[in-house]
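Chains as they are written, first to last, in our numbering: chain A, 150 to 334; chain B, 261 to 1013.
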């Protein structure tokens, strides 16, 4: 009788441990698979259009810090968003992404106590854009003109490129992650 | 049929009279877009868009970021201090008594940074601090420029701004071999410097205006604009300097990495990077421009602010602030704790009086002397009086003595004078005497003015004293000196002085009569430990058996003499009788204009309501807030996101929406207007060749609104976006409206729809 009771207790404990482990794993995988679309900076909750985890995978050349340095720099007085007419369908992407960039960077500049203006520039070519230390250019390269998804810096121009609409969206988020110093664990 | 119903519904919606009290108006924009710290809206653009819509999006985005500010109403208050403010600094004390031993940091004043700078992709910690520990508060009468007035003394080198490197860095250039490719950008007091070399207790920096020039975009310095129109990548550039009128005043050919002086302008231009097309057209030239010889500068451990030209270490734009360094011992490296310092070196010691401040370069911070730690002072006046009559303290109807001479002690703050015992407080006290029947016999009356009987009351009982150094021991005290029945030669009454009788600090005014002295009376003000102020009252007439002397201040009546008032300042006694200004004595007793009052034979001084200290601040003093004034403060919010109309779901429709673009290109606009997408041309309901901005309530969710920003053409939409961006100036005349037609981004171009 005593042996039966001990066996029952062991089985119960094992089941309990297993259940706890299972719940933990479920929660872990649920959290890990959930898209992260918001990030808190200095009390400001920045909400993004897409998953920060996905965006985090977009490569940045030469480095994420270089993006930060180009944009969050005391010399910067104005940021220009450059884009090439991509037709009605993809121009709308420019509109949405421009809003995202300007709105969130403006908030961030305010947090940093910086006064930075924004303007836009429609270009015929992405070659030799006149970026300046004091006026860097964010060149939005829509899927129509891009064969890669990445962020690249050339002199004082930051190119944001996406092969597809979603990747373009993610690339813009990655740009903002670099500028806002968002580091995912 | 569906279209007809939709149109009817739309017509109904548009025609439906909406209760004005409920309809949101432009006067409420953009307040209604935020709820409880959250941006309660989405911005929705049409999936089909024109390039002009990008501009509109930027306009709106930058403006809506304004929602990160919230307007608060504050009660009226004095000027607010942003930073640290202390009111417990001694009258003669160093500011090392400030927290942090007088070294101000970010946690004292947030304007001083504790942050990182980025160099070659890595972050390096640094912090700024300002050492004011050697600044002194002083009130020495013997020091000219202080003269007994409370002042903040700032000597050369007393205020030092320090940019402290908190993390080691290796790989920058050296003094002999600077690294222009990867300068370290740092901001000293808000001015940018680019460090290109370190070592031998020195740093080499580029300073001035830093930027990129092209043939159309200049880098400006003062009145000059520097352009570049020709060059070869990584090689050379042609630099054109124009004056404020746009005239070319100098042209220089400068190699990358080199600098040249412009004799015509007194400027030096250094080119650090050239980017050009193969035909020589400049894409951008990175350069630094500044005063001749100062663009590239080496700073060492001393800050020369007296020399001129290249020897000068003056901070740009300043004459008394110089730059020096501490540390930087190894070439090409920065060690933890290395400092770049900007030190204040005025040619003469600066003395700030209450209300004045020292402002750091670029208005970066202020060190200010605000004043005292209290506004509550009681002014005490001691003056000779004669031929007075005193009555009995126990029965005011009973005459005690008449023909009394002596001193009246009064105050402008009632109940600030008390007796040696008794615990009562009065506004007027008396120390009076009457001659006796021998040459040195007097009767001394210490009493107070009784407000109810309006009489001077004294003790009718005469105490017979013996010996010297006698002290009164009763509130109302009458004594005979050198009388027939006693041998006492003197008596002192220590009147208590306390602001309104309730102040935190008690002083004493000691009035001593000595019938054997040529100067019968002495008056001393004591702070509880020492007689800090002494008034030399003297007999104006001689004491005799038939005459009671009258008194004056000093050796001559109705004139001020140096020695008639003595005050201790910084533990040294000075004769201050001819000082026209107030003299702050040790212990916080303020001798008021001794020369002025001395000429009237009056002793006037102030006592504070509490231990007198100095109030100082470091940081910034803001403007005084007005009662009920509105001020903008940053309030954390949850930001909004932009969406394509094709991405909008029921979740999004639960919030407010700003729909950019007409019903021909934006499904949400069409839906909000009750139209069938795409509704183009006249069907769009947009005025031809114009735009409209319309707030439509309760479209998707009760209590939520859709703000439609739509133009006949994309350019019209852009104009409407500009109007929305400038809502606070362009929409004020239609603040009570919910819909307007826009033909131009001016008030006259905006009419009620």
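A virtual CB, placed ideally from N, CA and C, is assigned to each residue, including glycine. Since this is a predicted model, take the numbers as computed values, not measurements.
With contacts defined as CB atoms closer than 7 Å, residue 690/B and residue 341/B fail to qualify as a contacting pair.
With a threshold of 16 other beta carbon atoms within 10 Å, residue 367/B falls short and is exposed.
Assignment of residue 572/B by DSSP, reduced to helix, strand and coil, places it in the coil class. Closer than 7 Å to the CB of residue 199/A there is not a single CB belonging to chain B. Here residue 204/A carries a helix assignment [DSSP, helix/strand/coil]. Under the three-pair Cβ rule at 8 Å, the stretch 759-770 of chain B counts as touching the stretch 855-875 of chain B.
Between the stretch 466-475 of chain B and the stretch 539-547 of chain B there are three or more C-beta pairs closer than 8 Å, enough to call the two in contact. Residue 299/A places its beta carbon 7 Å or farther from that of residue 314/A. Residue 535/B has a beta carbon lying within less than 7 Å of a beta carbon in chain A. Residues of the stretch 266-277 of chain A with a C-beta atom less than 8 Å from some C-beta of chain B are 266, 267, 268, 269, 271 and 277, listed in chain order. At a C-beta separation below 7 Å, residue 916/B has no neighbours in chain A, since its nearest C-beta there lies roughly 15 Å away. By the neighbour-count criterion, in which a residue is buried when 16 or more other Cβ atoms sit within 10 angstroms of its Cβ, residue 587/B is buried.
When rounded, the separation of the alpha-carbon atoms in residue 164/A and residue 155/A is 14 Å. For the stretch 969-992 of chain B, the set of residues with a beta-carbon nearer than 8 Å to any beta-carbon of chain A is empty. When beta bridges are read from the DSSP output, residue 380/B appears opposite no residue. Proximity to residue 204/A across 262/A, 330/A and 319/A peaks at 319/A, based on C-alpha coordinates. Taking C-beta separations shorter than 7 Å and ignoring five residues to either side along the sequence, the partners of residue 631/B in its chain run 614, 615 and 875, following chain order. With a beta-carbon spacing of about 5 Å, residue 247/A and residue 317/B fall inside the 8 Å limit used to define contacts. With a threshold of 16 other beta carbon atoms within 10 Å, residue 510/B meets it and is buried. Across the structure, residue 908/B and residue 486/B are spaced so that their CA atoms are roughly 49 Å apart. When the Cα atoms are used, residue 604/B and residue 573/B turn out to be separated by approximately 12 Å. By the criterion of at least three beta-carbon pairs nearer than 8 Å, the stretch 201-218 of chain A is not in contact with the stretch 267-278 of chain A. Boundaries of the beta strand (DSSP E) around residue 584/B: 581-586. Within chain B, no residue has its beta carbon less than 8 Å from that of residue 299/A; the closest one is some 17 Å off. Taking 8 Å as the upper bound for CB-CB distance, residue 824/B and residue 858/B are in contact here, some 6 Å apart.
Beta-bridge partners of residue 833/B (DSSP): 828/B. Residue contact with chain A for residue 851/B: absent (no Cβ-Cβ distance below 7 Å to any residue of chain A). In the displayed model, residue 621/B falls within a helix according to three-state DSSP. At a beta-carbon threshold of 9 Å, none of the residues of chain A lie near residue 374/B; the nearest stands roughly 14 Å away. Put simply, the CB of residue 378/B is near chain A, with a gap under 7 Å to one of its CB atoms.
Residues of chain B with a Cβ closer than 8 Å to the Cβ of residue 248/A are, in chain order, 303, 305, 317, 318, 320, 321 and 902. When CB distances to chain B are screened at a threshold of 9 Å, not a single residue of the stretch 156-177 of chain A falls below it. Where residue 487/B is concerned, the enclosing beta strand (DSSP E) starts and stops at 484-492. When secondary structure is reduced to three states using DSSP, residue 422/B falls in the strand class. Residue 673/B has its alpha-carbon roughly 8 Å from the corresponding atom of residue 637/B. Between the C-alpha atoms of residue 403/B and residue 829/B there is a straight-line separation of about 10 Å.
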